[in-house]
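Report on one structure; see the data block that follows.
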Amino acid sequence: MAASENAAVEVHPYGLQEQFDDPEQQREASSLGMWIFLVTEVMFFGGLFLGYLVYRVEYPTAFAAGSNSLLFWAGTLNTLVLIGSSLTMALAVRSSQVGRKTAMVALLAATLLLGLVFLGVKGYEWHDEYERHHVPGAAFQFHEKAPSMAGYPDPRNAQLFFFFYFVMTGLHGLHMVVGVGIVSFILYYGWKGRYTPGYHNPVEVAGLYWHFVDIVWIYLFPLLYLIDRHP
Amino acid sequence: MAAEHIVPKRTYFAIWTALLILTGITAYVSTLNLHVVSGLHDISLNAAAALLIASLKASLVVLFFMHLKYSPRLTAVVVFAAIFWLAILLTLSMADYLTRGLPALAR
Numbered sequence: 149m150a151a152s153e154n155a156a157v158e159v160h161p162y163g164l165q166e167q168f169d170d171p172e173q174q175r176e177a178s179s180l181g182m183w184i185f186l187v188t189e190v191m192f193f194g195g196l197f198l199g200y201l202v203y204r205v206e207y208p209t210a211f212a213a214g215s216n217s218l219l220f221w222a223g224t225l226n227t228l229v230l231i232g233s234s235l236t237m238a239l240a241v242r243s244s245q246v247g248r249k250t251a252m253v254a255l256l257a258a259t260l261l262l263g264l265v266f267l268g269v270k271g272y273e274w275h276d277e278y279e280r281h282h283v284p285g286a287a288f289q290f291h292e293k294a295p296s297m298a299g300y301p302d303p304r305n306a307q308l309f310f311f312f313y314f315v316m317t318g319l320h321g322l323h324m325v326v327g328v329g330i331v332s333f334i335l336y337y338g339w340k341g342r343y344t345p346g347y348h349n350p351v352e353v354a355g356l357y358w359h360f361v362d363i364v365w366i367y368l369f370p371l372l373y374l375i376d377r378h379p
Numbered sequence: 122m123a124a125e126h127i128v129p130k131r132t133y134f135a136i137w138t139a140l141l142i143l144t145g146i147t148a149y150v151s152t153l154n155l156h157v158v159s160g161l162h163d164i165s166l167n168a169a170a171a172l173l174i175a176s177l178k179a180s181l182v183v184l185f186f187m188h189l190k191y192s193p194r195l196t197a198v199v200v201f202a203a204i205f206w207l208a209i210l211l212t213l214s215m216a217d218y219l220t221r222g223l224p225a226l227a228r
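Chains as they are written, first to last, in our numbering: chain Z, 149 to 379; chain V, 122 to 228.
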């Protein structure tokens with residue numbers, strides 16, 4: 149901030165927009181902007197989580213049966229994949245901070261790849277559920293029960309579980325697609341040499357978004373796959 | 122320009138390892154029947170255990186991967202606001218829905 153006391157700015161740091169005093173202020177402002185966007189995302193997903201909880205309380209048998217019909221191995225695998233992608237993303241941001249361009253590009257490519265693996269597994273799951281007639285609609289069928297529940301649920305209530313399942317994982321998947329787009333953008337311009345230790349805000353901000361999408365999955369995984377598995 | 126806090130690589134790997142271990146624990150715990158019997162009620166603790174572990178994992182991601190631990194206090198205020206408003210949404214709504222089946226008290 150000390151440099152701003154001079155009336156004329158002789159040295160203009162690379163990437164610094166004119167409304168900011170120095171790169172640090174710019175970096176903090178851009179990160180704060182992304183955090184505030186993420187707060188709105190918390191409220192966005194929060195409404196769905198609330199709806200899921202309310203109907204799970206209302207129809208416990210149907211929600212437990214629906215939850216048990218999901219592919220547990222796929223949900224767990226995707227959790228591990230996303231945690232791995234968060235590690236590569238955090239290390240990519242670190243590489244951009246210390247100016248290791250090659251490492252940053254490689255780590256962003258690894259993040260991108262893991263993001264695509266996640267979407268691939270998710271696509272496999274959705275296809276599996278489609279084949280089992282678990283997609284809500286005219287062709288919906290459900291004849292399963294949960295180990296923890298005595299009876300078979302009304303299929304109409306189980307359909308409600310799958311509405312929530314497809315909307316929540318679909319919205320999360322949409323965020324993953326956007327994340328893959330953002331990482332591709334950062335990867336391309338990172339490879340072109342746009343980011344330096346003094347100006348790497350886009351990498352940092354992309355990282356914040358990526359980790360947030362990981363956190364949404366960290367909550368979706370237990371709520372959809374785990375809490376009704378017990379006998 | 123003030124120096125930016127560079128988190129050592131081993132911290133990131135330690136957090137990643139912790140996240141993997143917590144994922145293993147939550148997957149294992151989901152196969153146990155956790156419940157407490159209180160009077161006439163048999164209360165399942167599986168959901169509480171799963172959400173507790175999820176919150177632990179989310180905290181690690183926010184504090185270290187998202188650098189909240191090394192960020193200005195203003196960022197912490199913003200994160201706190203998000204959690205606080207979400208808590209209002211969930212607790213006040215559930216306080217309503219969970220107590221609708223108490224007709225004896227309503228009369």
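Cβ atoms here follow ideal geometry from the backbone N, Cα and C, with glycine treated the same way. Remember, predicted model here, so these are calculated numbers, not experimental data.
### Message
Quick check on the burial criterion: 16 or more other C-beta atoms within 10 angstroms. Buried or exposed for Z/E352?
### Response
With 16 or more other Cβ atoms within 10 Å, it is buried.
### Neighbouring residues, chain V, relative to Z/I334 (Cβ below 9 Å)
Residues of chain V passing the Cβ test: none, with the nearest at roughly 16 Å.
#### Entry: Per DSSP, the bridge partner or partners of Z/Y203
According to DSSP, Z/Y203 bridges with nothing at all.
### Query
Would you report the Cα separation of Z/L264 and Z/S233, rounded to the nearest angstrom?
Straight-line measurement puts the Cα of Z/S233 at about 10 Å from the Cα of Z/L264.
### Message
Please state whether the Cβ-Cβ distance between Z/G194 and V/L219 is less than 8 Å.
### Response
no
### Query
Looking at chain A, which residues of the stretch 194 to 210 of chain Z have a Cβ within less than 9 Å of any of its Cβ atoms?
As a matter of chain content, chain A is missing from the structure shown, whose protein chains are Z and V.
### Task
With DSSP as the reference, label Z/I330 as helix, strand or coil.
helix
### Task
Quick one: list the residues of chain V neighbouring Z/R248, beta-carbon separation under 7 Å, in chain order.
Within 7 Å Cβ-Cβ: nothing; Z/R248 doesn't reach chain V, min ~11 Å.
### Query
Name the chain Z residues whose beta carbon is nearer than 7 Å to that of V/Y218?
V202 and V205
### Task
Identify whether Z/I375 lies in helix, strand or coil by the three-state DSSP scheme.
coil
### Task
Report the partner residues of V/H156 according to the DSSP bridge assignment.
V/S165
### Query
Given Z/N226, which residues of its chain have a CB within under 6 Å of its CB, disregarding the five upstream and five downstream residues?
Cβ within range, chain order: F266 and V269.
### Query
Quick one: what's got a C-beta closer than 7 Å to Z/Q245's C-beta in the same chain, skipping five residues either side?
Cβ neighbours of Z/Q245 within its own chain (closer than 7 Å, five residues either side excluded): P345 and H348.
### Query
What residues from chain Z crowd round V/T152, counting only those whose CB sits closer than 7 Å?
R377 and H378
### Query
Excluding five sequence neighbours on each side, which residues of the same chain lie with their C-beta closer than 6 Å to the C-beta of V/Y191?
By the criterion of a C-beta distance shorter than 6 Å, V/Y191 is surrounded in its chain by H126, once the five residues flanking it on both sides are discounted.
### Query
Is the stretch 282 to 297 of chain Z in contact with the stretch 203 to 221 of chain Z, if contact means three or more CB pairs nearer than 8 Å?
yes
### Query
Looking only at its own chain, which residues have a Cβ that is under 7 Å from the Cβ of V/T144, when we skip the five neighbours before and after it?
none
### Z/Q174 classed as buried or exposed, judged by whether at least 16 other C-beta atoms fall within 10 angstroms
buried
### Query
DSSP on Z/T344, reduced to helix/strand/coil?
Here Z/T344 sits in strand by DSSP.
### Task
Can you tell me which of Z/F211, Z/V328, Z/V187 and Z/G285 puts its alpha carbon nearest to the alpha carbon of V/A202?
Z/V187
### Message
Does the CB of Z/I330 have a neighbour CB from chain V at under 8 Å?
### Response
no
### Message
Is the separation between the beta-carbon of Z/L235 and that of V/Y133 shorter than 8 Å?
### Response
yes
### Query
Can you find a heavy atom of the ligand FAD that lies under 7 Å from the Cβ of V/L166?
Here there are no bound small molecules, and the ligand FAD is not part of this structure.
### Message
Tell me whether the stretch 360 to 373 of chain Z and the stretch 166 to 184 of chain V touch, counting them as touching only if at least three CB pairs, one residue from each stretch, are closer than 8 Å.
### Response
Flag = yes, the stretch 360 to 373 of chain Z and the stretch 166 to 184 of chain V touch.
### Query
Given a threshold of 16 other Cβ atoms within 10 Å of its Cβ, counted over all protein chains shown, does V/D217 qualify as buried or as exposed?
With fewer than 16 other Cβ atoms within 10 Å, it is exposed.
### Contact set between Z/W183 and chain V, taken where Cβ atoms lie within less than 8 Å
T196, V199 and V200
#### Entry: Three CB pairs or more closer than 8 Å across the stretch 275 to 285 of chain Z and the stretch 195 to 209 of chain Z
no
#### Entry: The alpha helix (DSSP H) enclosing V/S192, as first and last residue numbers
Run containing V/S192: none; DSSP gives neither H nor E here.
#### Entry: Start-to-end residues for the alpha helix (DSSP H) that takes in V/I146
K130 to V150
### Query
Under the three-state reduction of DSSP, which class applies to V/R228: helix, strand or coil?
Its pLDDT being 49, under 50, V/R228 is placed unreliably in this model, and the value from its coordinates should be taken loosely. Reduced to three states, the DSSP call for V/R228 is coil.
### Query
Leaving out the 5 sequence neighbours to the left and right, which residues in its chain are closer than 6 Å to V/A148 when beta-carbon positions are compared?
none
### Query
What does Z/S383 touch in chain V if you count any residue whose Cβ is under 7 Å from its own?
The question about residue 383 of chain Z has no answer, for chain Z in this structure spans 149 to 379.
### Query
Does any C-beta atom of chain Z lie closer than 8 Å to the C-beta of V/Y149?
no
#### Entry: Residue from Z/D376, Z/P171, Z/A306 and Z/G271 with nearest C-alpha to Z/A222
Z/G271
### Query
Secondary structure at Z/A286, three-state DSSP: helix, strand or coil?
coil
### Query
Roughly how many angstroms separate the alpha carbons of V/L177 and V/I204, rounded to a whole number?
14 Å
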